[in-house]
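The structure appears right after this line, and notes come after that.
In the numbering used here, the protein residues as written are 371 to 460.
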């Protein structure tokens with residue numbers, strides 16, 4: 371279940387069945403488990419700007435740029451230390 375808080379653009383992940391907490395849920399509840407959309411959006415925008423920058427379209431570089439963007443975004447999301455698994459697709 372996701373609890374969306376529209377005023378701050380955050381969502382909090384809640385256990386499916388709060389009556390039956392597990393060891394993994396105890397670990398998650400002790401960590402900051404909110405997903406901040408603005409933080410992730412900034413990571414994506416900064417990565418695209420860093421990798422592509424002001425370069426014009428170059429067909430022969432698109433695959434490399436795409437792979438670099440996906441790799442860098444995943445690396446930066448992991449550095450946040452949140453208890454999530456991420457999927458990045460471009």
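Virtual Cβ for every residue (Gly too), placed ideally from N, Cα, C.
Being a predicted model, the structure only gives us computed values, none of them experimental.
Pairing residue 436 with residue 406, the inter-Cα distance amounts to about 24 Å. Pairing residue 446 with residue 413 gives a Cβ-Cβ distance under 8 Å. Taking residue 438 as reference, the option from 423, 417 and 408 with the minimal CA-CA separation is 417. Non-local beta-carbon contacts of residue 434 in its own chain, meaning distances under 7 Å to residues more than five positions away in sequence, are absent.
The beta carbon of residue 458 is closer than 6 Å to those of 440, 443 and 444 in its chain, skipping five residues each way along the sequence. Excluding the 5 residues flanking it on each side, residue 410 has same chain C-beta neighbours closer than 8 Å at 447, in chain order.
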